[in-house]
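Peer 1:
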């Protein structure tokens, strides 16, 4: 986003807002991964403990989701570098 | 909604809130249409460009979703005209 | 949550926040039940009135969802009693 | 949402009554959320996914009208059921916070 | 979101221009929401659910790259379509509030 | 959410420490969100959709108890995995804002 028209106080405020938003986005990503990987990997409720198979599935699912999210982020940043005016001073 | 018990300052504040909310609702509608029409229309990832078939599907899907949303809005307004006390001065 | 490090004004503020949040959570639960039970129970649109069969389904679905939500809440509270430090003075 | 309107206090001489405003915003958010869920539910129930044209056909239009009526009825019934049960405690407040 | 940027007013001498800040926050929220939906949609389209390993395979990586490009194109097309229709009134404001 | 509590600063003599309050609200929102997702996930996994009666049957109750335990375990494991990877940068901040 382009904050070139912002004065010092406004930029400082936006930086705080962005920092808070990144925290919230991280927590949302975390919750999304738990929900998605639980849904996909856990289908046996004859026991309350994770089986080793379920555990491995959850770990791979998490790893893969993070890599996926990073890759989408990189491509998205490339595509929008110009159009969104993503120049942050 | 019934704002008859509101004083001038309160009505002015609510109008600003409603205006902001309409903007957010519009953006949410936009994001919903993109997500829904992409999901339904785009299933071929052998190319990164939209095929003409996908393009037509997305356009029809968008048009239809807007008409659907408008129709639901009209019916909803009729049904709730009395019960929600939708008299705005 | 542990508010032991909070002064009086902070605790009072948090209590108000929690009260508001409980209202919002209740409304969200309500909306979730409507959405879920409508989706599951209503599949016949040859009439605009709920059939007696649909009505019974919606009532059971609501009852069951509330009991489910309460049970999850109890188990969750037990599990997290220690780890989340849920001691409210 | 009749149970929301009941808590409305009277307006002060001037300035903003922030409790009242907050209640009105909650009411607005709630109605909007219900509306959006209804749009989504009725789209799933009534609108085909072939998208060979941009207009709603007759069958879809009739279905949408009935769907809105039915969704509203379900909302009312569920609301009555929850209130009769006094289930306000079943939500987020139910896990000991 | 070019239609968001257009409403930007000029900065005052000092202090916070809250309209401008609010607009910037709306823009930030909107982009983040679009991004999150894209992540979710492309995950559904491209990433298998067997989870026998933690790495994306070649086919998944290629699919993701194309998916992002396509999702962006759909977003642009839908935005143009909505604007050409002047459909701002089709949202929450459409039910008489 | 032990990684949330770590940032807690000490209370000032009087008045509101808005950073601390904000952190507490984030923690509250996060727990509520996790709880709501757990309710939804375990409903999908354990509760049948025939709705011929309003009570949970024995099998459903046992399933729900195990589901909650398992969901919590998955949450812990995923949290550890993300932290070990230092993946805080993978979220919304990852696309150059």
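Residue numbers (my numbering), protein chains in the order written: chain A, 36 to 124; chain B, 36 to 124; chain C, 36 to 124; chain D, 4 to 100; chain E, 4 to 100; chain F, 4 to 100.
No residue lacks a Cβ here, since even glycine has one placed at the ideal position from N, Cα and C.
None of the values given here were measured: they were computed from a predicted structure.
Going along the chain, which residues of its own chain have a beta-carbon closer than 6 Å to the beta-carbon of residue 46(A), five neighbours each way excluded?
Peer 2: Once the five neighbours on either side are set aside, the close Cβ partners of residue 46(A) are 38.
Peer 1: The alpha helix (DSSP H) that contains residue 32(F), what's its start and end?
Peer 2: It spans 21-49 - the alpha helix (DSSP H) in which residue 32(F) sits, taken as one unbroken run.
Peer 1: Suppose you measure from the CA of residue 56(A) to the CA of residue 89(A); what does that come to, to the nearest Å?
Peer 2: Roughly 32 Å between the two C-alpha positions.
Peer 1: Taking the CB atoms as reference points, tell me whether residue 81(F) and residue 52(A) lie closer together than 9 Å.
Peer 2: In this structure, residue 52(A) does not lie closer than 9 Å to residue 81(F) by Cβ.
Peer 1: Let me see if you follow: with CB-CB separation under 9 Å, is residue 73(A) close to chain E or not?
Peer 2: For residue 73(A), the answer is no, since every Cβ of chain E falls outside 9 Å of its Cβ.
Peer 1: Looking at residue 85(C): is its Cβ nearer than 9 Å to the Cβ of residue 77(C)?
Peer 2: Yes, these two residues count as a Cβ contact at 9 Å.
Peer 1: Does any residue of chain E have a CB that is nearer than 9 Å to the CB of residue 50(B)?
Peer 2: No, residue 50(B) does not count as interfacial toward chain E.
Peer 1: Residue 83(A) touches chain F at which residues, Cβ-Cβ below 8 Å?
Peer 2: Ordered by position in chain F, the residues that pass the 8 Å Cβ test against residue 83(A) are 68, 69, 72 and 73.
Peer 1: In angstroms with no decimal places, state the Cα-to-Cα distance between residue 77(E) and residue 93(B).
Peer 2: Distance between the alpha carbons of residue 77(E) and residue 93(B): 7 Å.
Peer 1: The region 49-61 of chain E: which residues have C-beta closer than 8 Å to a C-beta of chain A, in chain order?
Peer 2: Correct list: 49, 50, 52, 54, 55, 56, 57, 58 and 59.
Peer 1: Is there at least one Cβ from chain D nearer than 9 Å to residue 95(B)'s Cβ?
Peer 2: Yes, residue 95(B) lies at the interface with chain D (some Cβ there is under 9 Å from its Cβ).
Peer 1: So residue 59(F) and residue 106(C) are supposed to be a Cβ contact under 8 Å. How far apart are they, rounded?
Peer 2: About 7 Å; that satisfies the 8 Å criterion.
Peer 1: Below 8 Å CB to CB, which residues in the same chain sit around residue 42(D) once its five sequence neighbours on both sides are set aside?
Peer 2: Correct list: empty, nothing qualifies.
Peer 1: Under 8 Å, CB to CB, which of the residues in the region 53-71 of chain C have a partner in chain D?
Peer 2: Here the close residues are 53, 55, 56, 57, 58, 59, 60, 61, 62, 63, 64, 65, 66, 68, 69 and 70.
Peer 1: Return helix, strand or coil for residue 47(C), following the three-state DSSP convention.
Peer 2: Residue 47(C): helix per DSSP, three-state reduction.
Peer 1: Measuring CB to CB, does residue 80(C) end up less than 9 Å from residue 44(D)?
Peer 2: No, Cβ-Cβ distance for residue 80(C) and residue 44(D) is not below 9 Å.
Peer 1: Just verifying my parser: in three-state terms, what is the DSSP assignment at residue 18(A)?
Peer 2: Outside the displayed range of chain A (36 to 124) lies residue 18(A), so it cannot be described from this structure.
Peer 1: Kindly list, in the order they appear in chain C, the residues whose Cβ is closer than 8 Å to that of residue 41(F).
Peer 2: Those within 8 Å of residue 41(F) in chain C are 107 and 111.
Peer 1: According to the neighbour-count rule (16 or more other Cβ atoms, all chains shown, within 10 Å of its Cβ), is residue 82(B) buried or exposed?
Peer 2: When all chains shown are included, residue 82(B) counts as exposed.
Peer 1: Helix or strand or just coil, what does DSSP make of residue 116(B)?
Peer 2: If DSSP states are grouped into helix, strand and coil, residue 116(B) belongs with the helices.
Peer 1: Comparing C-alpha positions only, which one of 97(B), 101(B), 99(B) and 108(B) sits nearest to residue 68(D)?
Peer 2: Per the Cα distances, 108(B).
Peer 1: Residue 104(B) versus chain D: which residues are under 7 Å apart at the beta carbon?
Peer 2: What residue 104(B) touches in chain D: 42.
Peer 1: Can you tell me the Cα-Cα spacing of residue 50(C) and residue 71(D), whole angstroms?
Peer 2: Taking the straight line joining both Cα atoms gives about 38 Å.
Peer 1: Along the region 16-32 of chain E, what residues have a CB closer than 9 Å to any CB found in chain A?
Peer 2: For the region 16-32 of chain E, which is checked against every Cβ of chain A, the residues closer than 9 Å are 16, 17, 18, 19, 20, 23, 24, 27, 28, 30, 31 and 32.
Peer 1: Quick check: residue 75(B) and residue 85(E), are their CB atoms within less than 9 Å of each other?
Peer 2: No, Cβ-Cβ distance for residue 75(B) and residue 85(E) is not below 9 Å.
Peer 1: Take the Cβ of residue 27(D) as the centre, count every other Cβ of all protein chains shown within 10 Å, and call the residue buried at 16 or more, exposed below.
Peer 2: Answer is buried; the Cβ neighbour count reaches 16.
Peer 1: Just mark residue 30(F) as buried or exposed, buried being the case when its beta carbon has 16 or more other beta carbons within 10 Å.
Peer 2: Buried, because 16 or more other Cβ atoms sit within 10 Å of the Cβ of residue 30(F).
Peer 1: From residue 114(B) to residue 35(E), what distance separates their C-alpha atoms?
Peer 2: Whole-angstrom Cα-Cα distance: 35 Å.
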